[in-house]
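One structure is given here, and the rest of the page talks about it.
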Amino acid sequence: MNYRFQNLLGAPYRGGNVVVSNNTLLISPVGNRVSVTDLVKSETVTLPCQSSSNLRRISASPDGVFLLAIDEKNRCLFINLRRRTVLHRITFKHPVSAAKFSPDGHFIAVAAGKLLQIWRSPGFRKEFFPFELTRTFADCNDGVTSLDWSPDSNYILAGSKDMTVRLFCFSKLSKSSKPFLFLGHRDVIVGAFFGVDNTTKKVSKIYTLSRDGALLSWCYTETDVKSGELGSDFSEPDSPGTPEQRQAPNGEVHCDVNSKKRKNFDGEDKDSSKGNGSGLHTEKWELLKKDYFMQAPAKVTACDYHRGLDMVVVGFSNGVFGLYQMPDFVCIHRLSISREKITTSVFNDLGNWLTFGCAKLGQLLVWEWKSESYILKQQGHYFDVNCLAYSPDSQLLATGADDNKIKVWTVSSGFCFVTFSEHTNAVTALHFMPNNHCLLSASLDGTVRAWNLFRYRNFRTFTAPTSKQFVSLASDQSGEVICAGTLDSFEIYVWSMKTGRLLEVLSGHEGPVHGLIFSPINGVLASSSWDKTVRLWDVFKGKEAVETFPHTHDVLTVVYRPDGKQLACSTLDGQICFWDPIEGVLIYTIEGRRDIAGGRLMTDRRSAANSTSGKFFTTLCYSADGSYILAGGNSKYICMYDVADQVLLRRFQITLNLSLDGVLDFLNSKNMTEAGPLDLIDDGDSDIEEGIDRQSRNNLAYDLPGSIPNKARPIIRTKCLRIAPTGRSWAAATTEGVLVYSMDDSFIFDPTDLDIDVTPDVVNAALCEGQTLRALILSLRLNEDALIKKCIIAVSPEDIPATASSVPFKYLQRLVLAFSDLLENCPHLEFILIWCQEICKAHGQSIQQNSRNLLPALKSLQKAITRLHQDLADTCSSNEYMLRYLCSTSSSNR
């Protein structure tokens, strides 16, 4: 039961901005969670904390310790990245379009609607009001779209939808000063950045970018004009309303693109703010030049600037990005990533890597522009994940989705290393062959394909005589027979794996065959169908069904217990039926309608308690030892049942994301109107969608006159559940992606045989006296992970055979789990392997007789040894080539 959220696979990026922290950590929002990718170690981890809706803006502190995550409902989480915990929460009153930490990390600038708010950054201290609002600037006439701090944290550039950029002075000496305006753009501001002089390290220029592809470069010259005085270089304007020079009613000073001179109306003595970058809002700013990216009709959707390299990167709505050297505006690179718009682009700290994100494709790229090579290229499934499968050694996880693609992920790193896209319709079932190097997939396109995971190719395709839609898949233990169930003809097709020939067609079902599984102990095939039956077939002897188990409702899925002595199936009335396949009798039934019920859809006319829809299980999965079973369906819950006692052990809630339908149990009546739910009604604000006007999307069908965009939210559901063969983790294919839960024994106290004399002090005392066997048994009784590992390491190599034979069998499972963990984290490889060898010698017969209970632990040990073998093989290969190179080099020098 001690499973905790570990990772989220299947959707690396879904929208919002991404940030790069500490030069190598890529932080991106994934739905209502945050994903952190180590670009050096090639590992991805998703933080366990969740927001109440999809995240849209994130910002990391300069030291990489804190993270600010703001969702669509303007709720903000202040997260400690190293501890992966939420420290503080706050809700802003206006929609937040941008947020950024100051370079010194003391303040946070937040663009909340038309307001620019400066908050003092919270720390580790426990405070009743951790967020302190320091300054509020209400000078913008429309929503603020971009922010940038000066290097000394004294000034802020704010771009707005009113096509202006304002320079704010964040200083106690200038509370009454008005912002300086940069005018001349003809579209919404996308970015505004401070530029510095590489020699003096002072702010010397400003770059402003607008959505229409215009980049304006500004510079300033220091003047000694005091408040209320006119210098010799200034001329009186013809009228207060001339476009060259004017003052707004609120006292703001405007600077036009054609203006070369202006007055100082700030009413502030600039001599009091001289210094490094100070007095910028009172200096004379001039427009150096105006450049265009020339990508019309495409719009600029993302941009970033690197001060050290003086480079600008921009992303466009047509999938093109450009890298430009400033101030000469020299195009270094201009490439097309995709045909969809780029929603984010950012430099890393050194400026050698560029990160691009495409929300529509779920794509995240990290590109090194000097070598023109990819550092990271990850793309999630475009549509919902339908099925998944663990490899026999639990190291790989395969997923299939409605986008016709199959992706294979490394569970430990969270990275997808291969994508198969040969299917032409949705992938409905996946199955790993026992040899761990072959993957089977079934699809609605009428094919069953076999994939080689060494050469990454489709080496065999199984088809039926006529076009069918396959929805279920199974293979026997030897891997010689492949079976697939159909959706339309209600038949089961049987092929030979070696020849690819169709052997048999099993007929008898009167509904779609949605469940297929072979018995682990014999060649009996179990099938479930919507015709309210579960049938057993002896594929190797005849075509007729061996036995039929009738039910009162449609059977949705069927699974075998790992030992093959029990069969479980779920029905449309919300029950889980357990059968004895050998005797052919119903053992017991679990009523799960109340357990899986929860969540009300926006279109439901009944409350969640009275609704009958979705109160059934569509996927089942036994644990590795068969003691409990996981069940999921069209609900936000995944239920875990004890099989022997038929009781609910735990309910896992998939997500807290209110952006998905079916998460709320009670709907707010304020959101209901006569025309239906308020969220489903088009508000008419369709001129701009995520910064792109409809003119760039006029080729889409729903943009035709009279058509209505589908604004319905995705419904939360679980389509597939699989437990790893090691029993240490399980995965669920949900609307949010593939959720991976793992077991963590380091935070649980579960003693095996405890009495008053079994304490950590007694274990340490036994180790000090050299009684390693007694200390090991006491630690196993206490079941403390750290103590068990300490006692294992304390045993000398010559005492291992005697100690291994003296360990009681009831502690063997816990000992093997400790070995598997030590193999992954301990440098004493040969020492642990000697332990494993002696345990197998001393308890070989007992392990064989109790294989069902020890199977998860043995699978974990096999996984660790296989991974170490692969790492050592790669290291030896690289060393061999290095030695050959050195030998050839030394011989050539002679």
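When we follow full-length UniProt numbering, the leftmost residue of the sequence shown carries the number 1, and every step to the right adds one. The beta-carbon is built from N, C-alpha and C at its ideal position, and this holds for glycine as well. This one's a predicted model, so the numbers in the text were calculated from it and none came from an experiment.
For residue i, does the count of other Cβ atoms within 10 angstroms reach 16, so buried, or fall short, so exposed?
| i | result |
| --- | --- |
| S438 | According to the sequence provided, residue 438 is Cys. The question's Ser does not apply to it. When all chains shown are included, C438 counts as buried. |
| G315 | buried |
| P581 | buried |
| Q6 | buried |
| P709 | The predicted position of P709 is uncertain, since its pLDDT is 39 and thus under 50; a value taken from the coordinates is nonetheless stated next. Counting Cβ neighbours within 10 Å, P709 comes out exposed, since fewer than 16 surround it. |
| G15 | buried |
| R600 | buried |
| H106 | exposed |
| N825 | exposed |
| R561 | buried |
| K859 | buried |
| E72 | buried |
| D393 | buried |
| A873 | exposed |
| Q325 | exposed |
| residue 895 | No answer is possible for residue 895: it lies beyond the span of the chain, which begins at 1 and ends at 894. |
| Y881 | exposed |
| I847 | buried |
| L26 | buried |
| D212 | buried |
| D757 | exposed |
| G362 | buried |
| F617 | buried |
| V585 | exposed |
| residue 896 | The question about residue 896 has no answer, for the chain in this structure spans 1 to 894. |
| S227 | The predicted model places S227 with a pLDDT of 37, which falls under 50 and marks its position as unreliable, so this point remains unresolved. |
For the putative contact between residue i and residue j, defined by C-beta atoms under 8 angstroms, what is the C-beta separation to the nearest angstrom?
| i | j | result |
| --- | --- | --- |
| I596 | Q646 | Not confirmed; about 15 angstroms, so no contact. |
| E491 | V505 | 5 angstroms |
| A426 | L397 | Contact flag wrong, Cβ pair sits at about 19 angstroms. |
| N386 | E422 | So it is not a contact: roughly 16 angstroms between Cβ atoms. |
| I638 | T718 | 6 angstroms |
| K405 | H431 | About 17 angstroms separates the two Cβ atoms, so there is no contact after all. |
| I58 | N17 | 6 angstroms |
| G414 | L9 | 6 angstroms |
| I576 | L620 | 7 angstroms |
| F168 | L116 | 7 angstroms |
| A842 | S805 | 4 angstroms |
Per the DSSP calculation, residue i is bridged to which residue(s)?
| i | result |
| --- | --- |
| Y628 | D642 |
| Q117 | V110, T136 |
| L354 | F347, W367 |
| G319 | Paired residues: none, contrary to the question. |
| R651 | C639 |
| T208 | A192, L216 |
| H551 | The partner list for H551 (beta bridge, DSSP) is empty, contrary to what the question assumes. |
| D38 | L25, E43 |
| H333 | L323 |
| S527 | L516, R535 |
| N7 | V740 |
| T289 | Note that residue 289 is Lys in the sequence shown, not Thr. K289 pairs with S217. |
| residue 979 | A query on residue 979 cannot be resolved here, the shown segment of the chain reaching from 1 to 894 and no further. |
| I406 | G400, F420 |
Would you say residue i touches the ligand SAH, meaning its beta carbon is less than 7 angstroms from a heavy atom?
| i | result |
| --- | --- |
| F549 | Only the bare structure without any ligand can be found here, which leaves the ligand SAH out of the picture. |
**Message:** Assess contact between the region 306-313 and the region 278-298, defined as three or more Cβ pairs (one per stretch) separated by less than 8 angstroms. Is contact present?
**Reply:** no
**Message:** List, from N- to C-terminal side, the alpha helix (DSSP H) runs of 4 residues or more that fit wholly inside the region 417-456.
**Reply:** none
**Item:** Segment contact flag, the region 184-191 with the region 315-327, C-beta cutoff 8 angstroms, min 3 pairs
**Value:** no
**Prompt:** Does the pairing of the region 92-100 with the region 129-140 give three or more beta-carbon distances under 8 angstroms?
**Reply:** no
**Asked** Do the region 484-499 and the region 509-529 touch if we need at least three Cβ pairs shorter than 8 angstroms?
**Response** yes
**Request:** Specify whether the region 367-374 and the region 400-418 touch according to this definition: at least 3 beta carbon pairs, one from each stretch, less than 8 angstroms apart.
**Result:** no
**Message:** Three Cβ pairs or more, each shorter than 8 angstroms: is that satisfied between the region 39-48 and the region 762-782?
**Reply:** no
**Asked** Enumerated in chain order, which unbroken segments of the beta strand (DSSP E) with a length of 3 residues or greater are wholly contained in the region 45-107?
**Response** 55-60, 66-71, 75-80, 85-91, 96-101
**Start-end ranges of the alpha helix (DSSP H) lying completely within the UniProt domain "Small-subunit processome Utp12" (783-888), minimum 4 residues** = 785-794, 800-806, 812-825, 829-849
**Asked** When the Cβ atoms of the region 501-516 are set against those of the region 531-540, are three or more pairs found closer than 8 angstroms?
**Response** yes
**Message:** Count Cβ pairs between the region 203-213 and the region 148-159 that sit closer than 8 angstroms; are there 3 or more?
**Reply:** yes
**Prompt:** Going along the chain, which unbroken runs of the beta strand (DSSP E) with 3 or more residues stay wholly within the UniProt repeat "WD" (137-168)?
**Reply:** 144-149, 155-160
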